[in-house]
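Residue numbers (this note's numbering): 614 to 993.
Structure, rendered in structure tokens:
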């Protein structure tokens, strides 16, 4: 990560707590966002603590970045033992901001923070997961002060709730690190799946469940690759591979779909792919698209969530309708047969990441939202 500017003289040093009760083995976009935001704010002179489950990967990664962490055994919502422990911590620390990741965090940490007099309580919404039910109405009236979300698309989804005013919702686009590719190998992905260097290898990434739409990506391969057997697909991500293996076999591309499982070297795999595809049905602001663009790899993405806020279709990538294998296949064929277009799109995409989606920009925007919200609370 590049060096962030230290806070300006008119920016008050804040005490900030990030809470995320995600399972211990999960490391996804929301967790990456929290660690990047927390470490960035720490480097700008703020005091930051991260709270989560004992032995959680995201807490271990936070510690590697020099952040203070606290781990608990978190189980039921409204657990009075955890609420009281957090209340004692918040009463002693006196944080200015609590930023929660889940509704469970609101119903544990949010309650404790409100009891302890924490001035501003945020919840981050990477997806539009708020419903018109009593518990949400109560939470967003009495506990949560503000929402931070990575996409205008998500903010607009909340307009349907007359009890949740738009001025409480702040859009801060995700940021990614520009990958340092000097040590990366262009042959990494193809050697990982055991195919010839002259093959054309597409990469997809994400947990293997329905939201990611991998069935449409496999179908697109069967269409685009019907007359071009050199096109392969590699999918990196944890989960049950068997349903997708069976689908690939049924569509006649079983030998050209390769499952990599969880990979810690995803940036290098992206760098070495000929093309990256997001086939998701539902997204927030997909980090994997930003990461692929930052790796200098051309991208095709389904129009899920805030994808169109990242890609200017036809300029720095392509956006196609969700659940449309034919549209995916058409763009695959177009880019497969036009190396110059792939390179031009990838170059423009990398330039966009540097200008608009850097971690520095994201952290500065988070700091600004936190600072202004604290001032407006009257308790700064």
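Idealized CB from N, CA, C, for every residue including glycine.
Under the criterion of a Cβ to heavy atom distance below 7 Å, does residue 771 qualify as lining the ligand COA?
This structure lacks the ligand COA, and indeed carries no ligand of any kind.
Extract the residue ranges of the beta strand (DSSP E) inside the segment 854-880, only unbroken runs of 3 or more that lie entirely within it.
870-874
For the beta strand (DSSP E) containing residue 633, name the first residue and the last one.
If you number the chain shown from 1, residue 633 lands on position 20. Residues 628-633.
So, are the CB atoms of residue 783 and residue 982 less than 8 Å apart?
Along the chain shown, read from residue 1 onward, the residue named residue 783 stands at position 170. Along the chain shown, read from residue 1 onward, the residue named residue 982 stands at position 369. Between residue 783 and residue 982, the C-beta spacing is below 8 Å.
Just checking, does the segment 939-946 make contact with the segment 834-846 on the three C-beta pairs under 8 Å criterion?
yes
Residue range of the unbroken alpha helix (DSSP H) whose run includes residue 675
In the chain shown, counting from the first residue as 1, residue 675 sits at position 62. Following the DSSP letters along the chain, one finds residue 675 inside the alpha helix (DSSP H) bounded by residues 670-677.
Taking the alpha-carbon positions, what's the residue 679 to residue 652 distance?
Against the chain shown, residue 679 aligns to sequence position 66. Against the chain shown, residue 652 aligns to sequence position 39. Cα to Cα, residue 679 sits roughly 7 Å from residue 652.
State whether the segment 849-869 contacts the segment 769-777, with contact taken as three or more CB pairs (one from each stretch) at a distance under 8 Å.
no
Please list the terminal residues of the continuous alpha helix (DSSP H) segment that includes residue 643.
As a working note, residue 643 is residue 30 in the chain shown. Element bounds for residue 643: 642-656.
Are the CB atoms of residue 675 and residue 663 nearer to each other than 8 Å?
For this step, residue 675 is matched to residue 62 along the chain shown. For this step, residue 663 is matched to residue 50 along the chain shown. Closer than 8 Å, so yes.
Residue 885, buried or exposed, once every other Cβ within 10 Å from all chains shown has been counted against 16:
By one-based count along the chain shown, residue 885 stands at place 272. Buried: at least 16 other Cβ atoms inside 10 Å.
My output table needs one value for residue 982: the three-state DSSP class, helix, strand or coil.
Here residue 982 refers to the residue found at position 369 when the chain shown is read from its first residue. Residue 982 falls in the helix class under three-state DSSP.
Applying the criterion that 16 or more other CB atoms from any shown protein chain within 10 Å of the CB defines a buried residue, is residue 619 buried or exposed?
On the chain shown, position 6 is the one that residue 619 refers to. Reliability of the predicted coordinates at residue 619 is poor, the pLDDT of 46 falling under 50, and the value obtained from them is presented with this limitation in mind. Residue 619 comes out exposed.
Compare the C-alpha of residue 816 against each of 937, 904 and 919 and name the closest.
Mapped onto the chain shown, residue 816 falls at position 203. Answer by Cα proximity: 904.
Taking the C-alpha atoms as reference points, what is the distance between residue 863 and residue 833?
Here residue 863 refers to the residue found at position 250 when the chain shown is read from its first residue. Here residue 833 refers to the residue found at position 220 when the chain shown is read from its first residue. Answer to the nearest angstrom: the Cα atoms are 13 Å apart.
DSSP puts residue 802 in a beta bridge; with which residues?
As a working note, residue 802 is residue 189 in the chain shown. Under DSSP, residue 802 forms no beta bridge with any residue.
Would you kindly check if the distance between the Cβ of residue 990 and the Cβ of residue 757 is under 8 Å?
Your numbering for residue 757 matches position 144 in the chain shown. Your numbering for residue 990 matches position 377 in the chain shown. It is not a contact, given that the beta carbons lie outside the stated cut-off.
Beta carbon of residue 892 nearer than 8 Å to that of residue 826
Within the chain shown, residue 892 is the residue found at index 279, counting from 1. Within the chain shown, residue 826 is the residue found at index 213, counting from 1. Contact flag set, yes.
Per DSSP, which residues does residue 734 bridge with? Please list them.
Working through the chain shown from its first residue, we reach residue 734 at position 121. Answer is 711.
Using the Cβ count rule (16 or more neighbours within 10 Å means buried), how would you classify residue 738?
Position 125 of the chain shown, counted from the start, is the residue given in the question as residue 738. Classification for residue 738: buried.
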